[in-house]
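Enquirer:
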Amino acid sequence: MTSVRKIKRALISLSDKDGAAEFARSLAEFGVEIISTGGTARMLREAGIDVRDVSDVTGFPEMMDGRVKTLHPAIHGALLALRDNAGHAESMSEHGIEPIDMVVINLYPFEQTVAKANVSLEEAIENIDIGGPAMIRSASKNWRDVAVVTDPLLYPEILEEMSANEGSVSLATRRRLATLAFTRTASYDLAISSYLARQLSESDLESLEPLNPLGGLIFIESESLDEDQEEDGGAGKGLPGSINLGLERLSDLRYGENPHQKAALYAGDSTGGIAHAEKLHGKEMSFNNYIDADAAWSLVSDFDDLAVAIIKHTNPSGVGLGGSNVEAYRRALSTDPVSAFGGIVAFNNRVDRESAEAVIEVFTEVVIAPAYDDDAFEILSTKKNLRVLRCSRASAGRFEHKQISGGFLVQDFDTHRLTSEGLNIVSRRQPTDSQVREMLFAWTVCKHVRSNAIVLASGGRTIGVGAGQMNRVDSVRIAAMRAERFELPVAGSVLASDAFFPFRDNVDEAARMGVSAVIQPGGSIKDDESILAADEHGIVMAFTGIRHFKH
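Mapping to the working numbering: the sequence shown position 537 is 552, numbers consecutive.
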């Protein structure tokens, strides 16, 4: 085994042909014989490069609409044969197999195909590459003798090394190329399996037997439940036996949460969402910008009504509804104009001129919206450092992952939306229509606040938010304190809590502040005490039967 391998024959088969002609021409100048397939061979010939067709090597024509062309011993034997193995050399001589020293290949654009709107299953299937991954794996397995190039970005450094080594590629480079190649086939297979799994209905999933291939991506869970699952109705049923995240690095970040931490942005095969948002203007996004922007976008995406959210450190400093964006923004800002300084603003509707003018009155780090009027964008662009993102709602994903030391926690996304029909009014006092609307609004915002979460709302806006406290009564007091600080009327407001009240002291405190209605999950062993307190104070109390802890 030599530390350098002179490249004498190269097989080039490409979907993305960017830079391929220049690369192949340079290889030819090193005396490399070029073998190619189909459209790649045609493109190279048109560029004036001598090419030998794969069908000349295999003795078989390309067939079945190009599905079968390289799956042949003359190709895979040429890639897999160990050059210093006498038995392999004898087999190659006996069957007329000539070694191939380099494979230059990229795959059918499956990921790009399934990212398109309304792509059919048939179109997706036709963009699953078979021969390409097979050649990549054969060449990568034999990296001691074969160089495998899977990305056009690698062309310059390969040519530079060949120039420095009289047409040869080093062992260290071949090994690194093989590692990159196996990473590529792994992510490609993951994209395919993820897409196909999303096409299965729940009934399809339940009808299939559990699968557990070594190192594979599992989408089917065993039918059997443990005792805890049986008691709670099967929570956790349907979660995968193993998960392969298959993330691709989209960009490097200046640093992580703090300057001494390295960071990058990675994304899977889903589309939309903050990871795929288009930055139209401003500085590069930071690690913390992405986290806060995701919190803001997730919140406004939970509303069908026109909504604006202002986020600071993942919690809403204010949220507003309105008949226009500027009205909703002004309502959100009024909750806590101090915390809004340096915050993230998210709109779930197209941003117009008037709302853009309002936003730039306050120092803002990021603005997110699905679209912008031209004059609105011009106004936002006057702020040099303001990051302006255009974002679409993320494609449906099955699971949410949270990292812990040594592993991950996995759960379904919290997609629950409450309607008025889901309210269980447990107090003697019945709510007005206005109170029902305010309770549903406060409840939706509360879902996006860190536990223990309390939200006070009135007039289609938050007036106080208490987040992340160890004591729920403290969250109530903090929410009220914020309202009082900015002279917002707590009297007559509604209060939402992300979890049940374990004691009546929360209700007593809310009544003392003038709250008129409370919405909470219910489910405490002392629910009767909370209901009694609500009745004593003449407060409306609604149970939802569901909680929204956010840790």
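Quick reminder that beta carbons are idealized off the backbone N, C-alpha and C, glycines included.
1. Would DSSP call E109 helix, strand or coil?
2. State the DSSP-derived secondary structure class of H87, mapped to helix, strand or coil.
3. To the nearest angstrom, report how far apart F456 and I469 are at their CA atoms.
4. Compare the C-alpha of T447 against each of A101, M528 and I554 and name the closest.
5. Report the rounded CA-to-CA distance for V334 versus M556, giving the unit in angstroms.
6. Looking only at its chain, what residues have a beta carbon closer than 8 angstroms to the beta carbon of E242, apart from the 5 residues adjacent to it on each side?
7. Based on the DSSP secondary-structure assignment, which residues constitute the bridge partners of F414?
8. With 16 as the cutoff for other CB atoms within 10 Å, does I235 come out buried or exposed?
9. Between the C-alpha atoms of R405 and A292, what's the straight-line distance to the nearest angstrom?
10. Shortest alpha-carbon distance to R476 belongs to which of L424, A371, D320 and I115?
11. Based on Cα-Cα distance, which residue from E126, S435 and V530 lies nearest to I478?
12. Is it buried or exposed, F414, if we count other Cβ atoms within 10 angstroms and call 16 or more buried?
13. With DSSP as the reference, please indicate the residues paired to E263 in a beta bridge.
14. In or out: N521 buried (at least 16 other Cβ within 10 Å) or exposed?
15. If you follow the beta strand (DSSP E) that R405 is in, where does it begin and where does it stop?
16. Can you name, in chain order, every residue of its own chain whose Cβ lies under 7 angstroms from the Cβ of L122, other than the five neighbours on each side?
17. Which same chain residues end up closer than 6 angstroms to G34 when comparing Cβ atoms and leaving out the 5 residues on each side of it in sequence?
18. DSSP three-state label for E551, please.
19. Can you tell me where the beta strand (DSSP E) holding E502 begins and where it ends?
20. Determine the DSSP secondary structure at Y210, reduced to helix, strand or coil.
21. Quick check on this structure: which residue in R189, L174 and A139 has the alpha carbon closest to the alpha carbon of S208?
22. Going by the C-beta, is I540 closer than 7 angstroms to any heavy atom of the ligand FAD?
23. Please name the residue or residues paired with I140 in a DSSP beta bridge.
24. Per DSSP, what kind of secondary structure is T379 in: helix, strand or coil?
25. Measure the alpha-carbon distance for R562 versus D513 and round it to whole angstroms.
26. Please list the terminal residues of the continuous alpha helix (DSSP H) segment that includes R24.
27. Do you know how far the Cα of P124 is from the Cα of R568?
28. Quick one: using the 10 Å Cβ neighbour count with 16 as the cut-off for buried, is M485 buried or exposed?
29. With respect to the beta strand (DSSP E) encompassing R57, which residues constitute its N-terminal and C-terminal limits?
30. How would you write the range of the beta strand (DSSP E) that M528 sits in, first residue to last?
31. From this set, V505, G92, R402 and R24, which residue's C-alpha is nearest Y305's C-alpha?
32. Using 8 angstroms as the cut-off, can you tell me whether the region 349-362 makes contact with the region 311-328, which would need three or more C-beta pairs spanning the two stretches below that distance?
33. For G92, which of helix, strand or coil comes out of DSSP?
34. Could you tell me the alpha carbon to alpha carbon distance between H87 and V118, rounded to whole angstroms?
35. Indicate the three-state DSSP secondary structure (helix, strand or coil) for D68 in the structure shown.
36. Assign K327 to one of two classes, buried (16 or more other C-beta atoms within 10 Å of its C-beta) or exposed (fewer than that).
Expert: Let me spell this out:
1. helix
2. coil
3. 13 angstroms
4. I554
5. 23 angstroms
6. Confidence is the limiting factor: at E242 the pLDDT is only 37, short of 50, which leaves the residue's position unreliable, though a coordinate-based value still follows. Excluding positions up to five away in sequence, the list is empty.
7. D427
8. The predicted position of I235 is uncertain, since its pLDDT is 32 and thus under 50; no value can be drawn from it.
9. 6 angstroms
10. D320
11. V530
12. exposed
13. A282
14. buried
15. R402 to R405
16. S30, D144, G147, P148 and Y203
17. P167 and Y170
18. helix
19. Neither: E502 is in no beta strand (DSSP E) and is coded neither H nor E.
20. helix
21. A139
22. Inclusion of the ligand FAD in the displayed structure is not the case, the ligand content being empty and no account of it being possible.
23. According to DSSP, which records beta bridges pairwise, I140 is partnered with nothing at all.
24. strand
25. 6 angstroms
26. Careful: R24 lies outside any alpha helix (DSSP H), inside the beta strand (DSSP E) at R24 to S28.
27. With the chain represented from 16 up to 566, any question about residue 568 goes unanswered, as that position is not in the structure.
28. exposed
29. Where R57 is concerned, there is no enclosing beta strand (DSSP E), although the alpha helix (DSSP H) it sits in stretches over G53 to E61.
30. Looking at the DSSP string, M528 is not in any beta strand (DSSP E); the run it does join, the alpha helix (DSSP H), is D520 to M528.
31. R402
32. yes
33. helix
34. 15 angstroms
35. strand
36. buried
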